[in-house]
Structure formats: structure tokens, C-alpha cells
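Student: Counting from -8, one number per residue, gives the positions in the sequence shown under this note's numbering. Ideal placement from N, C-alpha and C gives every residue a C-beta, glycine not left out. Below is a structure I'd like to ask you about.
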Amino acid sequence: MRLRHVKTLIAPFLALFFAGHISFSLAQEAVKPGPYLAGRYAEKENDFRAAGAWYARALIADKENPYLIESSLLALIASGGFGMAADKAAYLVEANIESQSAVLMHFAALAQAQEFDAILALLDQGVTSNPLMDQLFKAWAQMGKGDSGLAMQSFEVLAKSPKLAPIGMYHKALALAYAGDFESAEAMISNSVAGQVELGRNSVVAYVQILSQLNRNSDALALLDRNFPQHRDPLMDVLRLQLHTGEAMPFVLVANPTQGMGEAFFTLAYALNNEAEDQITLLYGRLATYLNPNNTQAHLMVAHLLDNLGQYDLAYEAYRAISADDPASYQAELGRANALDAQGNVEAALEVLRSLVLRHPDLTMVHLTLADMLRRQKYFEKAISAYDAAEKTLISGAPQNWVLYYGRGISHEQSSQWDKAEADFNHALVLVPDQPQVLNYLGYSYIDRNENLTEALAMIERAVHKQPDNGYIVDSLAWGLYRLGRYQDALPHMERAALSEPVDPIVTDHLGDIYWAVGRKLEAQFQWRRALSFNPTESDADRIRSKLELGLDGVLAEEGAPALHVIANGQ
């Protein structure tokens, strides 16, 4: 049974219970404009910590304003401030103020305190968040009370739902395993429709633990081998080592009903990831970590979401929440390095990656991440060495390996090692023949070197066909036509590239050159001035200033390059 994504199965249903969720549904009452507006601005910038601080200041003057309380609540959850968030959620729920986020936080806090009777009582009173979570809360709270029979009936309601069956079956299997009924838990997973219960890595780990409890370690190993290649995932390799001992592996994915509710939050976060706004997914991911701090996959998801939202400080903290002895710590360290890089702490990021390479010399991704970062910093010789190390870890010519040869090809090309660069680009194209980035780079390089011009233009045209809206690839096509002296043919493509990348200095500079080549000299000068305003490199800026002073023809003459009319005539 291979790992499948259930999110595609339930995505159409998500709108039924997330319509308007994490939008501020409460009536906006009059609030002090200063701190409130600052909080709203911080919120729009996804600066959750600052938003929480500003909303707290606004609440000093208007402490019972429900809109401010909910806004503060959401910012606190997003930034991991669960204690204060729980207090605000309790206030909103007890005041009978409708807020889905408050209900979710309040139920999570009650689950953390193991107050399962309180959860069930609130559900009976009609306090609800959304249909799916309400049913999972009910079932796991019943498990917490010891009413396993009622709990199984509640899980079965979801398991029989056409849209939510995979989630219902998965959680029923977890509850059965927690209760020690591993035979029924295994049947619930293995007999589900086409294995739809496979929701991600956590579900595979749960299934492996269930099989091991049934003394079926060989079946558990086969499951791992079908889904995760050996020596590519430290967590799965640790499980393999445990299974090879022949001993029964304990079922620990859900150690208690509180963690079961935590897995419910994570299940929804996993299903919503890339299907809903990151802020919504973040809410569920954060609450998953709140109820089960040992859920490594939830911590990684939260950190990745914060990265996506540009909150690198919070992402860094989320990565640090994963202990160094966790088998997935290498993923956290990779994320931490990327967060440091995004903050501008490049040397610190490189140091993290160098240490990681020493600890995980057999992991391709570790070497590849180091190589890519070195390449971006223009340490091309060091990047080549890192790519070489990554290549030694490969065990097959898998298509995804094209990225290694593409990155090393760029490093070779930038290091004036063209023969090696060309070989790398061609190897990447053997793995993925129509890869647009590779076609574009190789084709552009040929044109730049005045080699294989017909083949080069055909490569770039193929790349444009694959990614017609990629402004940089369209720019390459236009620039290739320009370099061949086909100025009128180049112009519409370059104008389209400039529309796609309106503030890119290179694209804008190219547009100016083509305008000059077709005789539109005032427009050319205008574009060169615009290019200067977009922070080009120092050398590019100097050349643009020379073009503004001497014209393109004058610069080409100074450089000893062929004149435009010579190129156009193919001389």
C-alpha cells in the first residue's frame, strides 16, 4: 500500500466548514484606531507576534471588545502563545460569542487539561467549531471518559460519510490501537477503500506500529520499503532497525486521547496544506503541536508554513522545537539553515549545513541543500565539490536528480568550465528531456557563446512552450532572437517578458536594447533609466550609464563588439 494524499479526496468538502474561517467574523465595534490599525497592519504582514502585542495594547482601552479579543487570539495561536490564547478563547465561549477559532482553542485547552466531560457538555449545548472537528472532538472525548463503545460509534459516523470516510477510518483505527485492539485497527486500515486512510507519514508510522504489535514485522518492513526507499529517510531507517530485531514495536503515535485530539488537528492541517490559506493551516498545525509536543511532523509543517509566510524568526523557533536526537532532526536543521539564509545570516546557515553534512553523509538532500546555497552565494568551486558529494550518494538515475546536474552545470559554467557544464546540462535533459529551466539555461548559454544557434533557439522555444508565463524564459527567447539580429521578431517577446517581470533590471535593460535596435531610441533611454532604478549589479549599472551617454552603438564600438547592423545582416 503506497502513500497517498487524501487531501484531493476531501478538498471539495473543505469549503463546507471553512467558509469564512479565520476571517474576523465578529462585528467590528469601535476601537482605538492607533494600536488597532497597527495590529491590523502587522496581521496583514503575517507578523503575528507584533499583531498580538498591538492588539494587547488596544485591549487595554477596550478589554471586552470581542473583535479585538478574537484578533488577539488568532495572533497568539499563530505565534505559539497558547496560555494567553486559552484565556481569551474561554472568555469568548463563555460569553456565547460566536467564534470558530475560539471554540477550537477552548476545546484544545480542555483536552490538554483532560476535561473531557466539559467538551462533551459544550457540544451538547450546541457550541461547535465545524462538523468534522466536532465529531472528532466528541469521539476522542468519549475515549477520554472511557466510553470506548460510544466513541467507536462516533468515529463510525465519519467512517460512513462519503466525503470524510478516510479521516473517520484513520481515527477509528488509532482509537482501536490505543485501546489495544490491534486486529480491528489493522482491519480498519487495510480494508479501507483503496487504502484511502493513508494520510501521510504519521499514518504509515501508525500502521507499522500496529503490524508490529501483531507480530507482522515482515509486513511492516514491506510497507516501509514500498513507501520510503532505504537510506533516504532517517526516521524510516530507525523503524527498519527496530523491526529487524524481531521484537514488537510499541504503539506510541497516540498515547492518550489528548494526543488523539492533537492528531485530529494535524489530520486537518495536512488535508488543508496547499488547499487553503497558510494562515488557516497554521492554526490547525499549531494546535496539533500544543496537544502533542512530540508530533515532529506537525512541528515541521508549522515551521514550513511560517517560512512561507516570511516569519523566519518564528520558523526558526519552530525548527528548534525538534530535539537533536529526533530522527527527523535533519529536516529541522535544513529548515533552520534556510530560515537563517532568508534572514541574511548566510554564514550561520552554511555552518549549520556543514555540520549536518558531517552527521548525515549519506543523505543526498543535505549535500544538495549545501551545494545550492553555496552556488547562490557565488562560491562556485565549493558548490561543485558539494554537488560531487551529493552525486556519490545517488542510488539511481531518478528523474528528480535533474536538479543536481542543473545546479552543478550552472556552477561549472560560472567557473568557466564549459565542457563540464554542457555535460551536466545534457545529463539533466536525459533525466527530464523537456525540463524548461535546463533548456533555457543551456540554450541561452549556447547563444551567449555563439554556438549551436539554431539548436539553442529551438531549446528556448521548447522552454517557452512549457512555461509560457515565465518572464525570464520569455526574456531568453527575445534575447536569443536579438543576439541573432532578429530585432523585430524579438520585440514582442521582450515586451511580454517585461510585463511579466516589470521591475527586473536585466529584463528592463534588455527591452531598452531592443528598442534601440529597432530605432525607438527615446523609449530605449526611458527603459535604461528604469533599469537603473531597480538596483542592477554595479557592472550592469555602469554599462547602462554608458548607454545613456553614448548610445548602444557607441558602447558596442567601445567594447569591440559587432555593430547592430552587422549582426542583423548575419556578417
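1. Could you give the uninterrupted runs of the beta strand (DSSP E) lying entirely in the segment 275 to 347, keeping only those of 3 residues or more?
2. May I ask you to report which of helix, strand or coil DSSP gives P390?
3. Provide the residue span of the alpha helix (DSSP H) that contains P427, from first to last.
4. Assuming Y478 contacts A508 under a Cβ cut-off of 8 Å, what Cβ separation, rounded to an integer in Å, is found between them?
5. For G590 versus F107, is the C-beta spacing smaller than 7 Å?
6. Does the pairing of the segment 326 to 336 with the segment 302 to 318 give three or more beta-carbon distances under 8 Å?
7. Could you work out which residue in G140, N526, Q126 is closest to L149 when comparing CA atoms only?
8. Does DSSP put G503 in a helix, in a strand, or in coil?
9. Assign I158 to one of two classes, buried (16 or more other C-beta atoms within 10 Å of its C-beta) or exposed (fewer than that).
10. Give, in chain order, every unbroken run of the beta strand (DSSP E) that is at least 3 residues long and sits entirely within the segment 479 to 541.
11. State yes or no: is the C-beta of S90 within less than 7 Å of the C-beta of L101?
12. By alpha-carbon positions, which one of F128, N417, N218, L543 ends up nearest to M252?
13. Taking only the alpha-carbon atoms, compute the straight-line gap between Y506 and N417 and give it to the nearest angstrom.
14. With 16 as the cutoff for other CB atoms within 10 Å, does N206 come out buried or exposed?
15. Helix, strand or coil for I88 per DSSP?
16. What's the C-alpha gap between D425 and L468?
17. On the DSSP letters alone, give me the boundaries of the alpha helix (DSSP H) that Y27 sits inside.
18. Please report the straight-line C-alpha distance between M364 and M292, rounded to a whole angstrom.
19. Determine the direct distance from the alpha carbon of S402 to that of G388, and round the result to whole angstroms.
20. Where do the N-terminal and C-terminal ends of the alpha helix (DSSP H) with H162 fall, by residue?
21. Any chance the segment 481 to 499 sits against the segment 511 to 531, with 3 or more Cβ pairs inside 8 Å?
22. Near A93, what residues of its chain come up, given a Cβ to Cβ distance below 7 Å and the 5 sequence neighbours on each side ignored?
23. Please classify S152: does DSSP put it in a helix, a strand, or coil?
24. DSSP three-state call for A374: helix, strand or coil?
25. Could you name the residues of the same chain whose beta carbon sits closer than 8 Å to that of A374, not counting the 5 residues immediately before and after it, in chain order?
26. Taking the C-alpha atoms as reference points, what is the distance between E529 and D504?
27. Which residue's Cα is closest to the Cα of L472: P24, I438, D410, D210?
28. Mind checking which residues open and close the alpha helix (DSSP H) that includes K411?
29. Output needed for L273: all residues of its chain with C-beta closer than 6 Å, excluding positions within five of it in sequence on either side, in chain order.
30. Could you check the C-alpha separation between L113 and A76 for me, to the nearest Å?
31. What's the gap between the Cα of M227 and the Cα of Q516?
32. Are three or more beta carbon pairs between the segment 246 to 260 and the segment 214 to 226 nearer than 8 Å?
33. Cβ of V337 within 7 Å of Cβ of L347?
34. Out of N56, P57, A66, state which residue places its alpha-carbon closest to the alpha-carbon of G567.
Tutor: On the basis of the data shown:
1. The qualifying runs do not exist here; there are none.
2. In the sequence shown, the residue the question calls residue 390 occupies position 399. Collapsing the DSSP output to three states places P390 in a helix.
3. Start at 1 with the first residue of the sequence shown, and residue 427 comes out as number 436. Its alpha helix (DSSP H) spans residues 427 to 439.
4. Along the sequence shown, one-based indexing puts residue 478 at 487. Along the sequence shown, one-based indexing puts residue 508 at 517. Cβ-Cβ separation between Y478 and A508: approximately 4 Å, consistent with a contact (criterion under 8 Å).
5. Summary: the structure shown does not reach residue 590, with the chain confined to residues -8 through 562, and so no result is reported for it.
6. Enough Cβ pairs lie closer than 8 Å, so yes.
7. Taking the sequence shown and counting its residues from 1, the one referred to as residue 149 is at position 158. The shortest Cα separation from L149 among G140, N526, Q126 belongs to Q126.
8. Position 512 of the sequence shown, counting from 1, holds the residue named residue 503. Assigned with DSSP and collapsed to three states, G503 falls in helix.
9. Here residue 158 is taken as the residue at index 167 of the sequence shown, counted from 1. Under the 10 Å beta carbon count, I158 is surrounded by 16 or more other beta carbons and is classified as buried.
10. List check, beta strand (DSSP E) in window: nothing returned.
11. Taking the first residue of the sequence shown as 1, we reach residue 90 at position 99. Taking the first residue of the sequence shown as 1, we reach residue 101 at position 110. Contact: no.
12. Position 261 of the sequence shown, counted from the start, is the residue given in the question as residue 252. Nearest option by C-alpha distance: F128.
13. Here residue 506 refers to the residue found at position 515 when the sequence shown is read from its first residue. Here residue 417 refers to the residue found at position 426 when the sequence shown is read from its first residue. As the crow flies, the alpha-carbon of Y506 is around 34 Å from that of N417.
14. On the sequence shown, residue 206 is found 215 positions in, with the first residue counted as 1. Exposure of N206 is indicated by the presence of fewer than 16 other C-beta atoms within 10 angstroms of its C-beta.
15. Reading the sequence shown from its first residue, position 97 is the one you call residue 88. Here I88 sits in coil by DSSP.
16. Working through the sequence shown from its first residue, we reach residue 425 at position 434. Working through the sequence shown from its first residue, we reach residue 468 at position 477. Their backbone Cα atoms lie some 16 Å apart in a straight line.
17. Along the sequence shown, read from residue 1 onward, the residue named residue 27 stands at position 36. Per DSSP, Y27 is one residue of the alpha helix (DSSP H) stretching across 24 to 35.
18. Taking the sequence shown and counting its residues from 1, the one referred to as residue 364 is at position 373. Taking the sequence shown and counting its residues from 1, the one referred to as residue 292 is at position 301. In this structure, the CA atom of M364 is about 22 Å from the CA atom of M292.
19. Residue numbering aside, residue 388 sits at position 397 when the sequence shown is read from its first letter. Residue numbering aside, residue 402 sits at position 411 when the sequence shown is read from its first letter. Spanning the two alpha carbons is a distance of roughly 21 Å.
20. Position 171 of the sequence shown, counted from the start, is the residue given in the question as residue 162. In the DSSP assignment, H162 falls within the unbroken alpha helix (DSSP H) covering 156 to 169.
21. Enough Cβ pairs lie closer than 8 Å, so yes.
22. If you number the sequence shown from 1, residue 93 lands on position 102. Excluding residues within five positions, the ones whose Cβ falls inside 7 Å are E61, L64, A80, L83, V84.
23. What you label residue 152 is simply residue 161 of the sequence shown in a count that begins at 1. In the structure shown, S152 sits in coil (DSSP, three-state: anything other than H, G, I, E or B).
24. Position 383 of the sequence shown holds residue 374. In the structure shown, A374 sits in a helix (DSSP, three-state: H, G or I).
25. In the sequence shown, the residue the question calls residue 374 occupies position 383. Apart from sequence neighbours up to five positions away, the residues of its chain that approach A374 with a beta-carbon distance below 8 Å are A362, D363, L365, R366, G398, R399, S402, ordered along the chain.
26. By one-based count along the sequence shown, residue 529 stands at place 538. By one-based count along the sequence shown, residue 504 stands at place 513. Our two residues, E529 and D504, have alpha carbons roughly 18 Å apart in a direct line.
27. Looking up residue 472 in the sequence shown gives position 481. The alpha carbon of L472 has as its nearest neighbour, out of P24, I438, D410, D210, the alpha carbon of I438.
28. One-based indexing of the sequence shown puts residue 411 at position 420. Counting along the chain, the alpha helix (DSSP H) containing K411 begins and ends at 409 to 422.
29. For the purposes of this step, residue 273 is identified with residue 282 of the sequence shown, where counting begins at 1. Same-chain partners within the cutoff: A69, L296.
30. What you label residue 113 is simply residue 122 of the sequence shown in a count that begins at 1. What you label residue 76 is simply residue 85 of the sequence shown in a count that begins at 1. Per the coordinates, the alpha-carbon of L113 lies some 19 Å from the alpha-carbon of A76.
31. Stepping through the sequence shown from its first residue, residue 227 is reached at position 236. Stepping through the sequence shown from its first residue, residue 516 is reached at position 525. Their backbone Cα atoms lie some 59 Å apart in a straight line.
32. Judged by Cβ distances under 8 Å, the segment 246 to 260 makes no contact with the segment 214 to 226, as fewer than three pairs qualify.
33. Residue mapping note: residue 337 aligns to position 346 of the sequence shown, counting from 1. Residue mapping note: residue 347 aligns to position 356 of the sequence shown, counting from 1. In this structure, V337 keeps its C-beta atom at 7 Å or more from the C-beta atom of L347.
34. Residue 567 lies beyond the residue range present for the chain, which begins at -8 and ends at 562; the question has no answer from this structure.
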